[in-house]
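Undergrad: To start, I am sharing the structure in question, which I have written as structure tokens.
Numbering (my numbering), first residue to last: 512 to 579.
Have a look at this one:
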């Protein structure tokens, strides 16, 4: 919300900690995507890891069913 508010929403330094460094990004709309890139990459990596974990679990269950 703070990043996309175009500077109308201030950040609470106690809540955001080091994230307060991104407070000025809202004033530069062209930089919002740059600021979010790291977070989006992290979110995508978590989604891929979760999908791989579930695929492995399904494959393991399939093998157990064939053996049983």
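We put the CB at the ideal spot given by N, CA and C, even for glycine.
What you are looking at is a predicted structure, and each value in this text was computed from that prediction instead of being measured.
1. Would you mind sorting residue 577 into buried or exposed? The rule is 16 or more other CB atoms within 10 Å of its CB.
2. Using the C-alpha atoms, what's the distance from residue 528 back to residue 543?
3. State buried or exposed for residue 536, treating a residue as buried only when at least 16 other CB atoms are found within 10 Å of its CB.
4. Just how far apart, CA to CA, sit residue 525 and residue 571?
TA: Answer, in terms of the structure:
1. Within the chain shown, residue 577 is the residue found at index 66, counting from 1. Counting the other Cβ atoms within 10 Å of the Cβ of residue 577 gives fewer than 16, which makes it exposed.
2. Walking along the chain shown from the start, residue 543 turns up at place 32. Walking along the chain shown from the start, residue 528 turns up at place 17. Cα to Cα, the separation comes out at about 19 Å.
3. As a position in the chain shown, residue 536 is number 25, starting the count at 1. Label assigned to residue 536: buried.
4. The count along the chain shown starts at 1 and reaches residue 525 at position 14. The count along the chain shown starts at 1 and reaches residue 571 at position 60. Answer to the nearest angstrom: the Cα atoms are 45 Å apart.
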